[in-house]
Amino acid sequence: MASVNLVYFAWVRERIGRGEETLELPDSVVTAGDLLAHLKTLGDEYEAALEHENVIRVAINQEHVEHDEKIAGAREIALFPPMTGG
Amino acid sequence: MAPVTVRVQRDDFDLAAEVRALSAGRHDIGAVVTFSGLCRDEAGTLSALELEHYPGMAEAEITRICEEAVDHFALQAATAIHRYGKIAPGENIVLVVTASPHRQAAFDGANFIMDFLKTAAPFWKKEHGADGSEGGWVSAKDEDDSARDRWSKI
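Protein chains in written order, with the numbering used here: chain A, 1 to 86; chain B, 1 to 154.
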């Protein structure tokens, strides 16, 4: 089990119902994609937030990553929708 | 490396002051381009945009984009300021200032920074309706991805 800080933004944050949390992850969670699949098993709010997994963006330690990126050693993992700044 | 100034702030900014700060004491700059993005009222239906951001990563990502632009277009300086919080129609949202010896690099650099900022800087807009309703989150546009992708050809 590894402990990781998760942060959520925009409608991902609203649907999960909190902006951040610390979770213990099973060893079977290796990549960012594994993390999304794992979170979806934790409750309806995660299922609703992460329903369209392919549109969810992931950042590890404040840098964008693809879903196949390994999360080992991550201090902070952020999940959020496509960005709409500017 | 040319100076890169990046700020993420709630307060408004002053275009003229940012141009002065970027060019102060220099005699090598031949062109300064400024781009500012404002909040539209969407034909009277929108009372405000609320901008959420990822503190820390927003600054880091915009800095990465500006440094890439400086490197790619040999800019002499670049400034990018992005606001967060509630912003009313007519107010500023974002400012990009670029400097180069000749105009084309400054134009291209500002364009490049905005195209990547829109698709990679962690900001999200929520609409507030003129009728007092809380609207939805603004959806990302395919044309913004296309605008970014055209730079992969250079």
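All C-beta atoms, glycine included, are put in the ideal place defined by N, C-alpha and C.
Residues of the stretch 1-23 of chain B with a C-beta atom less than 9 Å from some C-beta of chain A do not occur.
Within chain A, no C-beta atom comes nearer than 9 Å to that of Val-33(B); the closest sits roughly 16 Å away.
For the pair Gly-90(B) and Thr-98(B), the CB atoms are not nearer than the 7 Å cut-off. With a cut-off of 8 Å on Cβ pairs, the stretch 17-34 of chain B is not in contact with the stretch 127-136 of chain B, counting fewer than three such pairs.
Between Ile-113(B) and Ile-81(B), the gap from beta carbon to beta carbon reaches 7 Å or more. By the Cβ rule, the stretch 36-43 of chain A does not count as touching the stretch 21-29 of chain B, because fewer than three pairs are nearer than 8 Å. For the stretch 9-36 of chain A, the residues whose beta carbon sits under 7 Å from a beta carbon of chain B are, in order, Phe-9, Ala-10 and Trp-11.
Of the candidates Ala-69(B), Arg-7(B) and Ile-87(B), the residue whose Cα lies closest to the Cα of Trp-124(B) is Ile-87(B). Within the same chain, Glu-61 and Ile-65 come within 7 Å of Ala-120(B) by CB-CB distance, once the 5 residues on both sides are set aside. The alpha-carbon separation between His-52(A) and Glu-14(A) amounts to approximately 15 Å.
Within the stretch 35-50 of chain A, no residue places its CB atom closer than 7 Å to a CB of chain B. Shown here for Ile-60(A): same chain residues with a beta carbon closer than 6 Å to its own, the five before and five after excluded, namely Ala-74 and Ile-77 in chain order.
Bounds of any alpha helix (DSSP H) do not take in Trp-151(B), whose DSSP letter is neither H nor E. Shown here, Gly-109(B) sits in a helix according to DSSP, grouped into three states.
For the pair Ala-32(A) and Glu-69(A), the CB atoms are nearer than the 7 Å cut-off. C-alpha of Phe-116(B) to C-alpha of Arg-148(B): approximately 6 Å in a straight line. Annotation: Leu-15(B) is outside any beta strand (DSSP E); the continuous alpha helix (DSSP H) that includes it extends over 15-23. For His-53(B), the pairing in a beta bridge is given by DSSP as Phe-123(B).
In this structure Leu-6(A) touches Leu-79(A) by the C-beta definition: roughly 7 Å separates them, less than 8 Å. The C-beta separation of Tyr-84(B) from Arg-10(B) comes to about 6 Å, placing the pair in contact by the 8 Å criterion. When the five nearest sequence neighbours on each side are left out, the beta carbons in the same chain lying within less than 6 Å of the beta carbon of Thr-45(B) are those of Ala-130, in order along the chain. Distances from the CA of His-53(B) to each of Val-8(B), Val-4(B) and Ala-2(B) were compared; the closest alpha carbon is that of Val-8(B). Residue environment: Pro-122(B) is assigned as buried (16 or more neighbouring CB atoms within 10 Å of its CB, all protein chains considered).
Chain B has no Cβ within less than 7 Å of the Cβ of Gly-73(A). The three-state secondary structure of Arg-57(A), taken from DSSP, is strand.
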